[in-house]
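J.: First, the structure itself, so that you have it in front of you.
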Amino acid sequence: MAALITVQNVSKSYWRDSFKIPVLKNITLEVPEGEFLGLMGPSGSGKTTLLNLVAGIDKPDTGAVVIDSTDIAKLGESALAKWRSRHIGFIFQFYNLLPVLTAFENIELPLLLTPLSKKGRREHVETALNVVGLADRMHHYPKQLSGGQEQRVAIARAIVTDPTLLVADEPTGDLDKNSADEILTLLERLNKEYKKTIVMVTHDPRAAERAHTVRQLDKGELT
Amino acid sequence: MRVFKLMLKNALRHKLRSFLTILGIAIAVLAFGLLRTVVTAWYSGVEASAANRLITRNAVSFIFPLPYAYRDQIAKVPGVEQITYANWFGGVYIDKNQFFARLAVDAKTIFDVYPEFIVPKDQFEAFQRERNACVIGSDIATRYNLKLGDLMQLEGDIYPGKWAFVVRGIYRPRDKTTDATQMFFHWTYVDEQMKQEMLGRGGDVGWYVIRIKNPDDAARISNDIDALFKNSRAETKTESERQFQQGFISSASVIITSLNVMSFVIIGIIMLILGNTMIMSARERTLEYAVLKTLGFSSGHLVGLIGGESLLISFLGGGFGLLFTYPFVAAFQAFVPKGWFPVFYVEFVTVVLAGLSALLVGVVASIFPIQRARRTTIVEGLRFIG
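Protein chains in written order, with our numbering: chain A, 126 to 348; chain B, 304 to 689.
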């Protein structure tokens, strides 16, 4: 299958005061379309940085990040924002829902950037809510939901625009075992039934078991 | 759900904080409106001045009179169209707290020179016929519930004795800046009384008011008039009505300047209040802005979101402030002694200034939080712990 993601000779460093800290060292990676990739590694190994580069929320110092034939490292800030809205669904460890908005409104947020009508947006949100099994909680605010439910709303927000790629940063890191299993089952479903390509960063070996492929990162290098 | 709704929800996220900020802005706008109104009231005499009127007074001081005999000489100066005169009468009506201007005037000419005092023809004729008749402003008539034919008893101080006047006319102001709190009666009546009762007090007027044909000739005519009485026992000083009125308020110029400065300091305070609120809000929402950026919202969207929230709060505060300015100004006017501010109203320009200030405050207060939100990268924002 053709590679949806091509990460080629990517390096990335951060500055802490006057110290340059290399985080990723000459990484090369290909992820085919429809893949469910797990990225594992100890803290500080560069997992999240790699995920951020793939999601287009950070830029490499050197190398190319090509997603679906677009070298996103070369896009300007505005173009990159548009690209993200069309191609990326991001799932955070701590859900990051806006507390002043209901579940419905949180899921609707990315659709505000599309030309969809109000009716069209409603249909998309209801479909996403049905996929994550939270149609009955659409008018609830985040504080009225459990952690697992919040994460399901966050997943609905990530899939509502039908993005090319889902990226998940420790999606079960803040959940109990049962809720984590539910979320992982949902991600598996999205991958199998809806053919979504998923890149997931995790510390949890049980979560990694659900992925088709697991790559290990250590000190900024893929092993 | 639209972005506006998110902006509204953000603005109301901390209800108490938003309420206090809006209240602070409203009070500041109200104070701004009141101070500007006081300054406007102070300048109302100047603003109401006509360009084609000159005032001739005693060169030593306004309180010293001029001979009535000057009238005909002044009238002959080329460019003079009409001349009238007046005397400050003073006196007490009811009690000393009831202050308004009481003037002994040339009954025949006063309303020709001051066309902004509109007197119905029949009332004007009645005023002419009766020696102890008077014409009062409509505000005085309202304040003391006076009607045509009513008697007004004055206790004289500059002109001692008891003076009774019959209300034969009530003038209404032509313009909003026209003082409708004055009382006019016959100079001749007062002068005759003085000649009879106090030797040497008759034959003087307080000042002359001259209507000229062409305002461009004002300087020349003023010089010509003053030249007529050079080295006389009562030298004159002639100036435009505007300069004359400005002379009255010059002694209070420090206070007026202070009020002006204070009104703009208040705008600065509003900026600090709202700026502080917006900075706190934006800092608390650093993570949320990073999430929005991750979802594809651009910096422009964040500018709209933060700037809109700031403008919404400033407009709500400004709107409430302006809304309460009107009743507050009315209450203030009722509270201060009658007659302090004959013309006291919220000028349209004050409303515009307050509105523009609210707009400016909204824009300026959002600059720093917008810059912060724009500069913070998504990665930094997602790591932010508030």
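Just so it is clear, CB atoms sit at the ideal spot from N, CA and C, and this is done for glycine as well. These numbers were taken from a predicted model, which means no experiment stands behind them.
CB B/Leu406 to CB B/Ser566, shorter than 8 Å?
T.: Their beta carbons are not under 8 Å apart, which means B/Leu406 does not touch B/Ser566 by this criterion.
J.: Please state if the CB of B/Gly472 and the CB of B/Phe430 are separated by a distance shorter than 8 Å.
T.: Cβ atoms of B/Phe430 and B/Gly472: closer than 8 Å.
J.: What first and last residue would you give for the alpha helix (DSSP H) that runs through B/Pro418?
T.: Element bounds for B/Pro418: n/a, residue is neither H nor E.
J.: Specify, as a first and last residue, the run of the alpha helix (DSSP H) that A/His212 falls within.
T.: It spans Glu202 to His212 - the alpha helix (DSSP H) in which A/His212 sits, taken as one unbroken run.
J.: For chain A, check one thing: does any of its Cβ atoms lie closer than 8 Å to the Cβ of B/Asn563?
T.: Not closer than 8 Å to any Cβ of chain A, the Cβ of B/Asn563 fails to qualify, so no.
J.: Are the beta-carbon atoms of A/Arg282 and A/Ile232 separated by less than 8 Å?
T.: Yes. Within cutoff.
J.: Using 8 Å as the cut-off, can you tell me whether the region 367-385 of chain B makes contact with the region 334-354 of chain B, which would need three or more C-beta pairs spanning the two stretches below that distance?
T.: No: fewer than three Cβ pairs fall under 8 Å.
J.: For A/Lys321, count neighbouring Cβ atoms within 10 angstroms of its own Cβ and tell me buried if that reaches 16, exposed if not.
T.: That one is buried.
J.: Measure from the C-beta of B/Leu598 to each C-beta in chain A and report whether the shortest distance is under 8 Å.
T.: Judged by the 8 Å Cβ criterion, B/Leu598 is in contact with chain A.
J.: Find out if the Cβ-Cβ distance for the pair A/Leu162, A/Arg340 is shorter than 8 Å.
T.: Closer than 8 Å, so yes.
J.: Should A/Val225 be flagged as near chain B, meaning a C-beta pair shorter than 8 Å?
T.: Output row for A/Val225: interface = yes.
J.: CB A/Gly181 to CB A/Ile213, shorter than 8 Å?
T.: Yes, Cβ-Cβ distance for A/Gly181 and A/Ile213 is below 8 Å.
J.: Round the Cβ separation of B/Ile328 and B/Gly611 to the nearest angstrom and send it over; I've been treating them as touching at under 8 Å.
T.: The Cβ separation is near 16 Å, so there is no contact.
J.: Compare the C-beta of B/Asn448 with all C-beta atoms of chain A and state if any pair is closer than 8 Å.
T.: With 8 Å as the cut-off, B/Asn448 does not count as an interface residue toward chain A.
J.: Distance, Cα to Cα, A/Ala305 vs A/Thr195?
T.: Their backbone Cα atoms lie some 33 Å apart in a straight line.
J.: Whose C-alpha, out of A/Val285, A/Leu154, A/Arg314 and A/Ser210, is nearest the C-alpha of A/Leu342?
T.: Comparing Cα positions, the closest option is A/Leu154.
J.: What do you get for B/Ser617, buried or exposed, if any count of 16 or more other CB atoms within 10 angstroms of its CB means buried?
T.: When all chains shown are included, B/Ser617 counts as buried.
J.: Starting from the beta carbon of B/Glu587, find every residue of chain A whose beta carbon is closer than 7 Å, and list them in chain order.
T.: By Cβ distance, chain A contributes nothing, its closest Cβ being about 11 Å from B/Glu587, past 7 Å.
J.: In three-state DSSP terms, what is A/Leu223?
T.: Reduced to three states, the DSSP call for A/Leu223 is coil.
J.: Just the Cα atoms here: how many angstroms apart are B/Ile576 and B/Phe427?
T.: About 57 Å.
J.: Just checking my contact of A/Val225 with B/Arg316 at CB under 8 Å: how many whole Å lie between their CB atoms?
T.: Contact holds; Cβ gap of about 6 Å.
J.: DSSP three-state call for A/Pro296: helix, strand or coil?
T.: A/Pro296 falls in the coil class under three-state DSSP.
J.: Once DSSP output is grouped into helix, strand and coil, what is the label at B/Lys308?
T.: Helix.
J.: Taking only the alpha-carbon atoms, compute the straight-line gap between A/Leu223 and B/Asn563 and give it to the nearest angstrom.
T.: Going by the C-alpha atoms only, they are around 45 Å apart.
J.: Can you grab the Cα-Cα spacing for the pair A/Ser138 / A/Pro147, in whole Å?
T.: The straight-line gap from Cα to Cα measures roughly 4 Å.
J.: Going by Cα to Cα distance, which pick from B/Ile443, B/Tyr373, B/Asp375 and B/Ile515 is closest to B/Val416?
T.: Of B/Ile443, B/Tyr373, B/Asp375 and B/Ile515, the residue nearest in Cα terms is B/Ile515.
J.: Check each candidate in A/Ser143, A/Asp142 and A/Thr174 and name the one with the smallest Cα separation from A/Thr327.
T.: Residue A/Thr174 is the option with its Cα nearest to A/Thr327.
J.: Scan the region 452-494 of chain B and note each continuous beta strand (DSSP E) run of 3 residues or more that stays entirely inside, going in chain order.
T.: The region 452-494 of chain B contains these whole beta strand (DSSP E) runs: 454-459, 464-476 and 485-489.
J.: Kindly indicate which three-state DSSP category B/Leu502 falls into: helix, strand or coil?
T.: Coil, per DSSP.
J.: Can you tell me whether B/Pro292 is buried or exposed? The criterion is at least 16 other CB atoms within 10 Å of its CB, across all chains shown.
T.: Summary: the structure shown does not reach residue 292 of chain B, with chain B confined to residues 304 through 689, and so no result is reported for it.
J.: Under 7 Å Cβ-Cβ, which residues of chain B neighbour A/Phe215?
T.: Those within 7 Å of A/Phe215 in chain B are Thr597.
J.: My understanding is that B/Asn390 touches B/Trp490, with C-beta atoms under 8 Å, so please give their C-beta distance in whole angstroms.
T.: Contact flag correct, Cβ pair sits at about 6 Å.
J.: So A/Thr239 packs on A/Val191, CB below 8 Å; how close in whole Å?
T.: Actually they are not in contact, since the Cβ atoms of A/Thr239 and A/Val191 sit about 24 Å apart, beyond 8 Å.
J.: How many angstroms separate the CA atom of B/Asp494 from the CA atom of B/Thr539?
T.: About 21 Å.
J.: In whole angstroms, what separates the C-alpha of B/Gln499 from that of B/Ala331?
T.: Approximately 58 Å between the Cα atoms of the pair.
J.: Figure out for me which residue from B/Val654, B/Thr653 and B/Val632 has the closest Cα to the Cα of B/Phe644.
T.: If we check each option's Cα against that of B/Phe644, B/Val632 comes out closest.
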